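Only one structure is covered here, and it is reproduced in the block below.
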Amino acid sequence: MKLLILFLSVLVLFVWLGLKIQNDPGYVLFAYDQWTIETPLWFVIAATVIFFILFYIILQFLIRLGNVATQFRTWAQQRRLRRAHERTSRGLMELAEGQWKLAEKNLLKAVQYTDMPLINYLSAARAAQELGEHERRDDYLHKAHLAMPSAEIAVGLTQAQLQFNHHQLEQALATLRRLHELSPKHIYILKLLQNIYLELRDYENLETLLPSLKKLKVLPGLEFDSLQQKTYIGLLKQAEKSHATEMVETVWQRIPKELQQEPSLLIVYAKHLMKEKKEVMAEQLIKEALKKHWNDDLVSLYGLVVGEYIDKQLSHAEQWLRLHGENPALLLCLGRLSIQNSLWGKARSYLETSLSFSPSAETYSVLAQLLEKMGE
């Protein structure tokens, strides 16, 4: 519609000019130095119009030519991007299938034209790891970081995982500590740190990690409880190996009160007390713990500890028969306590009853030693 109006306007203008020129043709004179050119006015007007029309046509042609070039470049880029996506998909599939060489090859071929080179480099690093090419792995990880500096956590986690899988525990730990400084509340970083501390038996650092693991709920409840027990058992055993009694006591006091009642921890600590000739204290600890929670391992240990009054210890243990009369561990405990009280017949009866419920090499061994004492 606009073009039609423009065309009609130009047509009217030309008709009007034509009528004017017919009445008075006029002329245009061009002079330069000694040269002069005289031409009719209508010729100048026509030439000017033709010039502008040609200029417009050429300009439009050049613009369209530029658009075609731009469209071609866009098409070529999209084609390269599409092919890069196809190669990346193929490489990721080959990585999942365990075809490490092919995966690495396709992922690297696509990296130049893909819009997410980070994925290609990280995946290529995994493939190189599986091929045992650790220098190439580290090179790809470095390039991944250069490709997207903002993805430091993603690159670092991949590096730590690969180092951990290759049993490069110290290197993985260094990587994770750096990441932990960058993101102290990152759940997966905390979980990997926990795994490495366990592998390295670094219970001191694992203990410092426990509050964060609990607060951020990195592990399910039961799994966290198990980890907590492993941590303090490890600390107790390491302190005991150092032959420093005060260190064991220090660790024990650091353990939360409710956790001190856990049989696995209590057994380690009670055995330490027995080695240190603090059996009275050990006997009291075990007895108090059994009042709250029955545990066969604690009962068995109670039969080995020598309390202040061994006769009262036997009498106390015999009270448990009312609730646990058919418990093999309790009967073994009573057999041992009877031996310590020199009650051979009673000891034999307890041990044989225990064997009738659950034959065990340990009970047979105690009974054999008893029979030897009795001359049988």
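If you want this note's numbering, it's the 1-based position in the sequence shown plus 535. Every residue, glycine too, gets a C-beta built ideally from N, C-alpha and C. In this text, all values refer to a predicted model and were calculated from it rather than measured experimentally.
{"Query": "At the level of alpha carbons, what is the spacing between S893 and D760?", "Result": "30 Å"}
{"Query": "Leaving out the 5 sequence neighbours to the left and right, which residues in its chain are closer than 7 Å to T785 when beta-carbon positions are compared?", "Result": "none"}
{"Query": "When you compare only the Cα positions, how much space is there between L890 and C868?", "Result": "12 Å"}
{"Query": "Among Y885, K806 and L905, which has the Cα closest to the Cα of K776?", "Result": "K806"}
{"Query": "With A707 and I731 assumed to form a contact (beta carbons below 8 Å), what rounded beta-carbon distance in angstroms separates them?", "Result": "6 Å"}
{"Query": "Exposed or buried, which one is Q698 when buried takes at least 16 other CB atoms within 10 Å?", "Result": "buried"}
{"Query": "What separation, rounded to the nearest whole angstrom, lies between the Cα atoms of L836 and L754?", "Result": "32 Å"}
{"Query": "Just curious, the alpha helix (DSSP H) that P652 is in, first and last residue?", "Result": "P652 to E665"}
{"Query": "Does the distance from the CB of A659 to the CB of E639 come in under 7 Å?", "Result": "yes"}
{"Query": "When we look at the beta-carbon of G860 and count the other beta-carbons within 10 Å, is it buried (16 or more) or exposed?", "Result": "exposed"}
{"Query": "Note down, in chain order, each residue of its chain lying with its Cβ closer than 8 Å to the Cβ of N876, except the 5 sequence neighbours on either side.", "Result": "I845, D846 and L849"}
{"Query": "Kindly list the residues whose CB is nearer than 7 Å to the CB of W635, restricted to its own chain and excluding five residues on each side of it in sequence; keep chain order.", "Result": "A662, E665 and L666"}
{"Query": "Assuming N641 contacts R617 (C-beta within less than 8 Å), just tell me the rounded distance between them.", "Result": "Wrong, their Cβ atoms sit about 15 Å apart, outside the cutoff."}
{"Query": "What is the DSSP secondary structure of V786, reduced to helix, strand or coil?", "Result": "helix"}
{"Query": "Please report how far the alpha carbon of W879 lies from the alpha carbon of Q703, in whole angstroms.", "Result": "58 Å"}
{"Query": "Which runs of the alpha helix (DSSP H) at least 4 residues long sit entirely within the region 727–751? Give them in chain order.", "Result": "738–750"}
{"Query": "Helix, strand or coil, according to DSSP, for A779 in the structure here?", "Result": "coil"}
{"Query": "Can the beta-carbon of L751 be found less than 7 Å from the beta-carbon of L728?", "Result": "no"}
{"Query": "Among the residues of its own chain, which have a CB less than 8 Å from the CB of L906, if the five just before and after it don't count?", "Result": "R883"}
{"Query": "Here's a check: name, in chain order, each residue in its chain whose Cβ is nearer than 7 Å to the Cβ of Y738, leaving out the five neighbours to either side.", "Result": "T766, G769, L770 and Q773"}
{"Query": "If A824 sits next to L801, beta carbons under 8 Å apart, how far is it from one beta carbon to the other, in whole angstroms?", "Result": "5 Å"}
{"Query": "Please report the residue range of the alpha helix (DSSP H) in which S877 lies.", "Result": "Taken as a continuous stretch (DSSP letters only), S877 belongs to no alpha helix (DSSP H), as it is neither H nor E."}
{"Query": "Quick check on the burial criterion: 16 or more other C-beta atoms within 10 angstroms. Buried or exposed for P684?", "Result": "exposed"}
{"Query": "Which residue wins for smallest C-alpha separation from K908, given the options Y899, E814 and I874?", "Result": "I874"}
{"Query": "CA-CA distance, Q696 and E716?", "Result": "17 Å"}
{"Query": "In this structure, does DSSP put Q764 in helix, strand or coil?", "Result": "helix"}
{"Query": "Whose C-alpha, out of E797, L762, D831 and L597, is nearest the C-alpha of R736?", "Result": "L762"}
{"Query": "Let me know if P863 comes out buried or exposed under the rule of 16 or more other beta-carbons within 10 Å of its beta-carbon.", "Result": "buried"}
{"Query": "By alpha-carbon positions, which one of H620, M628 and E668 ends up nearest to V646?", "Result": "H620"}
{"Query": "Over the uninterrupted alpha helix (DSSP H) stretch that includes E853, give me the two end residues.", "Result": "I845 to E853"}
{"Query": "Cβ of Q664 less than 7 Å from any chain D Cβ?", "Result": "No chain D is part of this structure, which consists of one protein chain only."}
{"Query": "With a 10 Å radius around its C-beta and 16 neighbouring C-beta atoms as the bar for buried, classify I592 as buried or exposed.", "Result": "exposed"}
{"Query": "Which residue wins for smallest C-alpha separation from I724, given the options N700, Q569, A689 and P746?", "Result": "A689"}
{"Query": "Excluding the 5 residues preceding and the 5 following V841 in the sequence, name in chain order all residues of the same chain whose CB lies nearer than 7 Å to its CB.", "Result": "E814 and Q875"}
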